[in-house]
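In what follows, a structure is listed as structure tokens, so that the remarks can point back to it.
2 protein chains.
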Amino acid sequence: MTQHKHVTLLQVAKHAGVSRATASLVVRGSKNISEATREKVLKSIQDLGYIYDRVAANLRSKSSSTVGLIIMDLANPFYSELLIGIHQELTKCGQTVILGTTFNSYDTQSRLLSTMLEHRVGGIILFAVPGSKSEVIEQILSWGIPVVLLGRKVPGANCDYVGMDNVMGGQLAVDHLIQKGHRRIAFLGGPSQITSWQERKQGYDNAHHKAGINIDASLVIEGPVTRESGVELIQQILRIPDPPTAVFCYNDIIALGVMMKLKEMGLVPGRDIGIVGFDDIPEAVMLSPKLTTISSFARLMGARAATLLHERIEGLSMEPQRIILQPKLIVRETC
Amino acid sequence: MTQHKHVTLLQVAKHAGVSRATASLVVRGSKNISEATREKVLKSIQDLGYIYDRVAANLRSKSSSTVGLIIMDLANPFYSELLIGIHQELTKCGQTVILGTTFNSYDTQSRLLSTMLEHRVGGIILFAVPGSKSEVIEQILSWGIPVVLLGRKVPGANCDYVGMDNVMGGQLAVDHLIQKGHRRIAFLGGPSQITSWQERKQGYDNAHHKAGINIDASLVIEGPVTRESGVELIQQILRIPDPPTAVFCYNDIIALGVMMKLKEMGLVPGRDIGIVGFDDIPEAVMLSPKLTTISSFARLMGARAATLLHERIEGLSMEPQRIILQPKLIVRETC
DNA sequence: CTGAAAGCGCTTACAG
DNA sequence: CTGAAAGCGCTTACAG
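If you read the protein sequences in the order shown, they are chains A and B.
For the first sequence, position 55 matches number 55 in UniProt numbering, and the numbering has no gaps at all.
For the second sequence, position 158 matches number 158 in UniProt numbering, and the numbering has no gaps at all.
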């Protein structure tokens with residue numbers, strides 16, 4: 001039963017009294033093998049404790065059964081949700097996931113990309129770091145390895161993209177705040193170099209224009225995507241001469257920090273100050289008051305990216321796709 | 001610059017005017033290569049757009065640069081934290097992580113283990129599903145592939161284990177509740193088949209015995225590890241004739257559900273009913289009132305497991321280790 | 001279904 | 001450092 005030395009397919013074949021080619025067909029689940037032969041081989045595999053070497057098989061057949069996934073930061077539940085969606089979908093089609101996290105570092109991303117290419121992944125799902133170059137993407141594509149960009153576009157890169165309508169999301173959020181009577185609305189947090197920030201800001205602008213409200217640039221402050229940054233930014237914005245009556249946060253993580261600090265200051269979100277987040281992470285509903293936010297359907301987004309990548313790997317040659325999910329305003333208690 | 005066909009090491013060698021063996025030494029960073037030769041080869045690699053094929057190299061040299069990681073559920077921040085710790089540590093030593101999630105399904109775990117073995121991982125970190133058999137572990141070990149068990153022991157399996165002192169954790173939690181004057185303390189949630197549940201329950205028992213309080217079996221209800229389960233269980237336990245005045249939750253996820261429901265019922269955790277959780281997930285501090293809990297140092301636990309696995313892979317042959325982290329009571333606002 | 005041969009891209013081992 | 005050969009474990013292609 002237990003076997004200490006490495007068992008190869010040839011040994012299995014000998015044990016079963018068939019040829020190596022036949023054994024190979026059996027492990028790959030070929031149709032043109034008689035039931036009797038299949039059973040003989042499977043029994044030998046059991047008896048010898050044989051493990052199929054997918055790595056060797058991939059080398060010979062020039063195929064791959066792995067997919068690289070590069071995201072920013074597991075600590076943000078938004079990415080966990082994304083990962084869940086991707087992982088579920090990819091596992092369904094027999095792909096194994098190689099994981100990498102960049103923590104927003106360009107160098108880390110470069111290193112991860114190299115590592116994954118060296119491991120001969122069949123494709124890559126990339127949540128790109130700010131400042132990513134389209135040349136890098138194009139180069140990978142030119143090697144025949146499909147790339148699906150997730151959440152953030154890379155300007156100039158002509159490849160598949162799955163993301164959401166951030167402009168619309170920003171607009172929905174700010175429309176709602178305006179409709180609730182707010183006129184001075186801050187936009188807090190997030191790095192302004194990335195497209196999703198720019199797009200949400202665009203939505204913020206659009207909503208103001210539509211309502212005929214002038215934008216006060218001092219109400220827009222960027223920052224890293226952490227709770228700490230939220231804590232910091234809300235203090236900063238409340239110190240200005242004419243502070244905002246409501247805040248649109250770049251995402252829920254920022255909103256978490258903002259709310260923590262507000263409660264500490266004795267202010268009640270939703271009563272004393274309006275707040276809208278972005279992403280609808282599971283935590284949003286656990287806060288009190290519950291966070292009003294824009295859902296970005298992270299799991300679905302992940303699943304879509306996985307499906308798209310899988311189609312590419314299967315060689316369905318179509319034009320680069322752009323899948324843009326529509327955001328949804330989830331009104332809860334903070335506005 | 002850009003290259004459409006697969007470039008091999010032999011082509012690089014020819015381009016650089018050296019032998020294949022020399023080129024191989026360069027890509028592996030060997031010391032006994034002159035600086036001039038190294039530069040020539042590196043230039044050719046650049047010019048041709050060569051990608052080192054780690055898969056082929058691993059096949060030939062019978063080594064591996066990947067590690068398999070099997071956990072339950074990414075949606076629980078406890079596992080995200082674990083993953084962060086593991087991932088950071090493993091990346092440091094040049095290992096690539098292959099990820100799998102079981103969602104508590106034995107079959108899924110079996111499938112993931114097979115897949116990882118077929119991918120020739122150098123080792124496996126396993127957060128074992130309830131009901132895992134020690135034979136399976138022993139078999140993998142017998143193939144020379146180290147396994148580190150994380151968080152949950154598998155009875156009978158003689159291999160490395162990194163976890164925490166759950167008995168002590170349970171005891172700390174319940175000691176604290178007793179010291180705060182509670183006498184009827186519920187233990188809610190978690191699957192009783194897994195060792196960590198049994199150990200926390202043991203701690204619960206110990207604290208009661210130490211204080212000379214009888215245990216009322218009707219105060220202990222198990223259940224799945226979800227917020228929904230927390231919501232359900234707190235309702236159930238408050239309906240009994242003589243309800244508890246405090247609750248020790250199997251973990252913070254359960255506590256989250258419990259607190260949500262209590263607040264909905266108009267009860268204030270910490271004032272009307274005492275609550276202690278387990279794990280100290282980042283959310284614990286974001287709740288209001290903030291959750292008193294037992295920290296299980298997830299990131300550290302992950303890092304320790306990764307280091308241990310790495311040592312094993314390096315072939316440091318020592319007795320199977322048991323690393324048991326000490327839990328810590330974090331007193332906040334719910335008790 | 002079998003059998004013998006070649007090859008995937010690399011490393012190993014060795015004589016020079 | 002070079003060069004030629006063998007081999008890691010598999011698949012491919014083909015004649016039988």
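Backbone N, C-alpha and C define an ideal beta-carbon position, used for all residues, glycine too.
Check, Outcome
"Let me check understanding here. Comparing Cα to Cα, which of A:R322, A:A57, A:G131, A:N251 lies closest to T292 (chain A)?", "A:N251"
"Please look up how many angstroms separate the CB atoms of C249 (chain B) and G212 (chain B), rounded, as I've assumed it's under 8 Å.", "About 24 Å separates the two Cβ atoms, so there is no contact after all."
"Pull the bridge partners of D279 (chain A) from the DSSP assignment, please.", "A:S295"
"At 8 Å on the CB atoms, spell out the chain A contacts of N58 (chain B), in chain order.", "V55"
"Say whether the region 154-168 of chain B touches the region 202-216 of chain B, bearing in mind that this needs 3 or more beta-carbon pairs closer than 8 Å, one atom from each stretch.", "yes"
"With the cut-off set at 8 Å, would you say T66 (chain B) and G144 (chain B) are in Cβ contact?", "no"
"Assign A173 (chain B) to buried or exposed, taking buried as 16 or more other Cβ atoms, counted over all protein chains shown, within 10 Å of its Cβ.", "buried"
"Excluding the 5 residues flanking T334 (chain B) on each side, which residues of the same chain have their C-beta closer than 6 Å to its C-beta?", "P269, G270, I275, P289, L291, T292"
"Mapping DSSP to helix, strand and coil, what is I137 (chain B)?", "helix"
"Tell me which same chain residues have a C-beta within less than 8 Å of the C-beta of residue 389 (chain B), skipping the five on either side of it?", "Past the boundaries of the shown model lies residue 389 (chain B); chain B is included only from 1 to 335, so the question cannot be answered."
"Do the CB positions of I185 (chain A) and A157 (chain A) come within less than 8 Å of each other?", "no"
"So that I know if they touch, is there some Cβ in chain A lying closer than 8 Å to that of A75 (chain B)?", "yes"
"Counting contacts by CB-CB distance shorter than 8 Å, is K263 (chain A) in contact with chain B?", "yes"
"Applying the 10 Å Cβ sphere with the 16-neighbour rule, what's the burial state of V97 (chain A)?", "buried"
"Mind pulling the chain B residues with CB within less than 9 Å of I51 (chain A)?", "S114, L117, E118, R120, W143"
"Could you compute how far the alpha carbon of L267 (chain A) sits from the alpha carbon of S134 (chain B)?", "55 Å"
"So the alpha helix (DSSP H) R322 (chain B) belongs to, where does it begin and stop?", "No alpha helix (DSSP H) holds R322 (chain B); the beta strand (DSSP E) holding it covers 322-325."
"Residues of chain A with a CB under 9 Å from the CB of T8 (chain B): which are they?", "Within 9 Å Cβ-Cβ: nothing; T8 (chain B) doesn't reach chain A, min ~12 Å."
"With which residues is K43 (chain B) paired in a DSSP beta bridge?", "In the DSSP output, where bridge partners are listed per residue, K43 (chain B) has none listed."
"Going by C-alpha distance, which of B:A75, B:L69, B:G302 is nearest M116 (chain B)?", "B:L69"
"Could you work out which residues of chain B lie near L83 (chain A), taking near to mean beta carbons separated by less than 7 Å?", "L74"
"Let me confirm a value: V331 (chain B) is counted as buried when at least 16 other C-beta atoms fall within 10 Å, else exposed. Which label applies?", "exposed"
"Considering only DSSP beta bridges, list what P269 (chain A) is partnered with.", "A:I273"
"Looking at chain A, which residues of the region 285-296 of chain B have a Cβ within less than 9 Å of any of its Cβ atoms?", "V285, M286, L287, S288"
"Could you give the distance in angstroms between the alpha-carbon of V7 (chain B) and the alpha-carbon of K201 (chain A)?", "45 Å"
"Taking Cβ-Cβ distances shorter than 8 Å, what residues in chain A pair up with L256 (chain B)?", "M286"
"Where does H4 (chain A) fall in DSSP's three states?", "In this prediction, H4 (chain A) scores a pLDDT of 49, lower than 50, which makes its location untrustworthy; the coordinate-derived value is nonetheless stated afterwards. Three-state DSSP puts H4 (chain A) in coil, outside helix and strand."
"For the beta strand (DSSP E) containing D53 (chain B), list its first residue and its last residue.", "First-last for D53 (chain B): undefined, no H or E at that position."
"Any idea if G230 (chain B) is buried or exposed, counting beta-carbon neighbours within 10 angstroms, 16 or more meaning buried?", "buried"
"When you compare the CB of H4 (chain A) with every CB in chain B, is at least one pair closer than 8 Å?", "With a pLDDT of only 49 at H4 (chain A), under the threshold of 50, the placement of this residue in the model should not be trusted, and no figure is reported."
"May I ask which residues mark the beginning and end of the alpha helix (DSSP H) holding S112 (chain B)?", "For the sequence presented, residue 112 (chain B) should be read as Leu rather than Ser. L112 (chain B) -> alpha helix (DSSP H) spans 106-118."
"With a threshold of 16 other CB atoms inside 10 Å of the CB of D272 (chain B), please say whether the residue is buried or exposed.", "exposed"
"Quick one: Cα of I124 (chain B) to Cα of L308 (chain A), how far?", "30 Å"
"Using a C-beta cutoff of 8 Å, does T96 (chain A) count as contacting chain B?", "yes"
"Does DSSP put D252 (chain B) in a helix, in a strand, or in coil?", "helix"
"Take the Cβ of L83 (chain A) as the centre, count every other Cβ of all protein chains shown within 10 Å, and call the residue buried at 16 or more, exposed below.", "buried"
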